[in-house]
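Everything on this sheet refers to the single structure shown next.
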Amino acid sequence: MMLLGKMNQVTLKVSSEDVTGRMGLSWVRHCMKQFGVEKIIDRLSPRESGSNREIAASRKVMAGAMSLIAGAERIEDIEVLRQDRGLLNSLGWERMISPDTLREYLQEKRNGGKMRKSNEALALKAMAASSEQEFTYDIDATYFDSQKDSATYSYQMRKQYSGLLGFIAELKVCSTVDFRAGHVQACNGILNQLRKAIRQAKSVSKRIAVVRSDSAGHSNKIFRLCDEENIRYFISLKKNEAVMAAVGAIKEGQWQELKSAEVELGRKVWWAETVYVTNEYVAVRMLVLRWTNPDRDLFEQTPYCYHAIGTNDNAIEPMAWLKKHNLRMSSENENKELKSGFNAAYAPSHDFNMDRGYFLLNVLAYNMVQVMKLFYLGAESKRWTVKTLRYHFIQVCGKIVRTGRRYFCKIINAPPASFKLFRHCLARLVVV
């Protein structure tokens, strides 16, 4: 049937059909319930009054997370979901929390801590459910600009907040997280988060086998911890006096050209291998890259620029070593997904605790989407960004229909690829 050529010929009518344009959100919520997320949140945040009339913490957190998964850019955007009667019916909810309720929940400092613990518990369940026995742990600090009063100036000379994020590379799940003001150094907290990640893996009878970091992870304590736990590390090294002395001791004949660099980077790069000994006598195998200094000035007269990578793996070949370390950059994609795919780079308030709570809610929503891709939606979705997932799964029209004792989820005008995702998800939901 074709639409009339002129819209002024139609008659307007009001319909009360329970159709939603976000049917995928309902499936996300039911999958997270089966995965145990709501139980985790409620266990960590029991009702204080003891009254069943108080809104459960899981209801508040899930509502906020679903709003972010749907593409919300502000806390107030949850109103869009509140007015979606078809979505509420498919969720089995009478109503959804208001923006004020979510705002009050996020500004409580202790709720931020509970969300962080909920996120860690979710990551732990994902690690336990994975077939992998050994994991790679990538840790990195990410920064984003903000003009809020509680933001402070970072080393980039801009008012910023920062998040210290640790990802399990094989699952792309954020297992450790901290939110800080911009002035906090990137290296602060890395050792504690690494210890936590090691404990997490051990608690599910698995282990962290590899640690990767930028130069913020250059620390005697981290090197020693990895040696004690039999963990291989691949960490960029700071160009301190001892490192540069070791670089200076490399003879000219030891430098070898990196064949692929001229094609990939548009410049010639040479590499050499040596050993760097820290000020606390920790021996570190060091791979050094050098290239011609393109911008010599009055203060920087050296003919070459250098980049050094340290490891405790004495068996790995240099090029495999370089490739292994460079794969750390995948964590930058996860940081980008958090800040632009979700909304973690937005601070809703001048209050630090609320901004922290909102950031942690974004991390929790990110991990929920990762769990969906890992365990419910099939292999083809694992490489998708959340924006792609919204197109194929989240923002799909549908309605729940009850006939007798049976319920039907009608997916309306969806392409076969989207319907396949719902079928795959249903198959996983019925397996309890």
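Numbering (numbering that gives the first Met the number 0), first residue to last: 0 to 431. No residue lacks a Cβ here, since even glycine has one placed at the ideal position from N, Cα and C.
Rounded distance between the beta-carbons of residue j and residue i, thought under 8 Å
i: leucine 190; j: serine 218; result: 7 Å
i: methionine 285; j: glycine 309; result: 5 Å
i: tryptophan 270; j: proline 317; result: 7 Å
i: methionine 65; j: arginine 115; result: About 19 Å separates the two Cβ atoms, so there is no contact after all.
i: aspartate 144; j: glutamine 159; result: 6 Å
i: arginine 355; j: glycine 63; result: So it is not a contact: roughly 14 Å between Cβ atoms.
i: serine 130; j: leucine 43; result: That pair is no contact at about 28 Å.
i: lysine 238; j: alanine 319; result: That belief does not hold up - the Cβ atoms of lysine 238 and alanine 319 are roughly 24 Å apart, past 8 Å.
i: valine 395; j: alanine 416; result: Not a contact, Cβ separation roughly 11 Å.
i: aspartate 76; j: alanine 56; result: Between alanine 56 and aspartate 76 the Cβ distance is about 21 Å, and since that is not below 8 Å, they are no contact.
i: glutamine 199; j: leucine 123; result: 5 Å
i: leucine 164; j: valine 172; result: Rounded, the Cβ-Cβ distance is 11 Å, inconsistent with contact.
Proximal residues to residue i (C-beta, below 6 Å), its chain only, five neighbours per side dropped
i: phenylalanine 392; result: Gly23 and Leu420
i: phenylalanine 407; result: Val400
i: arginine 289; result: Trp269, Tyr303 and Tyr305
i: alanine 245; result: Thr273 and Tyr275
i: arginine 427; result: Tyr375
i: lysine 381; result: Lys372
i: phenylalanine 166; result: Asp137, Cys173, Ser330 and Glu333
With 16 other Cβ atoms within 10 Å as the buried cut-off, status of residue i
i: tyrosine 375; result: buried
i: methionine 371; result: buried
i: methionine 126; result: buried
i: aspartate 148; result: exposed
i: aspartate 137; result: buried
i: leucine 11; result: exposed
i: isoleucine 74; result: buried
i: methionine 6; result: exposed
i: phenylalanine 418; result: exposed
i: tyrosine 390; result: exposed
i: lysine 220; result: exposed
i: methionine 156; result: exposed
i: glutamate 37; result: buried
i: alanine 185; result: buried
i: lysine 386; result: exposed
i: glutamine 106; result: buried
i: valine 139; result: Checking the sequence shown, residue 139 turns out to be aspartate, not valine. Buried.
i: arginine 231; result: buried
i: valine 210; result: buried
i: glycine 432; result: Given a span of 0 to 431 for the chain in the structure shown, any question on residue 432 remains unanswerable.
i: asparagine 311; result: buried
i: serine 174; result: buried
i: serine 330; result: buried
i: serine 259; result: exposed
i: glycine 397; result: buried
i: proline 347; result: buried
i: isoleucine 411; result: exposed
i: threonine 135; result: buried
i: lysine 35; result: Just to set this straight, residue 35 is glycine in the shown sequence, not lysine. Burial call: exposed.
i: lysine 113; result: buried
Residues of its chain near residue i, where Cβ-Cβ distance is below 7 Å and the 5 sequence neighbours each way are ignored
i: threonine 151; result: Lys158, Ala180, Gly181 and His182
i: serine 89; result: Thr19, Met22, Ser25 and Ile399
i: asparagine 361; result: Leu67, Leu337, Phe341, Asn342 and Ala343
i: phenylalanine 358; result: Gly162, Phe178 and Ala343
i: serine 153; result: Tyr142, Gln159, Ser161, Gly181 and His182
i: isoleucine 249; result: Ala271, Thr273 and Val287
i: alanine 364; result: Ala64, Leu67, Ile68 and Phe341
i: glutamate 78; result: Pro98
i: arginine 223; result: Val281
i: isoleucine 39; result: Ser117, Ala120 and Leu121
i: lysine 108; result: Asn352
i: glutamate 256; result: Lys267 and Trp269
i: asparagine 332; result: none
Residues of its chain near residue i, where Cβ-Cβ distance is below 8 Å and the 5 sequence neighbours each way are ignored
i: methionine 243; result: Tyr305
i: threonine 291; result: Arg266, Lys267, Pro302, Tyr303 and Cys304
i: isoleucine 54; result: Ile96 and Thr100
i: lysine 59; result: Ile96, Thr100, Leu101 and Tyr104
i: histidine 423; result: Tyr375, Leu376 and Gly377
Interface flag, residue i vs chain D, CB-CB below 9 Å
i: methionine 156; result: In the structure shown, chain D cannot be found, because there is only a single protein chain.
### contact_flag[the segment 191-207, the segment 273-288] where n(CB pairs < 8 Å) is 3 or more
Put simply, the segment 191-207 does not touch the segment 273-288. Fewer than three CB pairs are less than 8 Å apart.
### Task
Could you tell me whether the segment 77-84 touches the segment 93-101, using the rule of 3 or more Cβ pairs below 8 Å?
Touching, per the Cβ criterion.
### Task
Assess, as a yes-or-no matter, whether the segment 322-342 is touched by the segment 361-368 under the definition of 3 or more beta carbon pairs within less than 8 Å.
Contact holds: three or more Cβ-Cβ distances are below 8 Å.
### Start-end ranges of the beta strand (DSSP E) lying completely within the segment 208-257, minimum 3 residues
Segments of the beta strand (DSSP E) lying fully in the segment 208-257: 231-235.
### Query
Of all the beta strand (DSSP E) runs that stay within the bounds of the segment 171-202, which reach a length of 3 or more residues?
Fully enclosed beta strand (DSSP E) runs of 3 or longer: 172-180.
### Task
Pick out the complete alpha helix (DSSP H) segments inside the segment 91-175, 4 residues or longer, and give them in chain order.
Complete alpha helix (DSSP H) runs here, min 4: 98-105 and 108-128.
### Completely contained beta strand (DSSP E) runs for the segment 368-422, where each covers 3 or more residues
Taking only runs of at least 3 residues, the beta strand (DSSP E) segments lying wholly in the segment 368-422 are 397-402 and 405-410.
### Start-end ranges of the beta strand (DSSP E) lying completely within the segment 293-330, minimum 3 residues
Qualifying beta strand (DSSP E) stretches, in chain order: 303-310.
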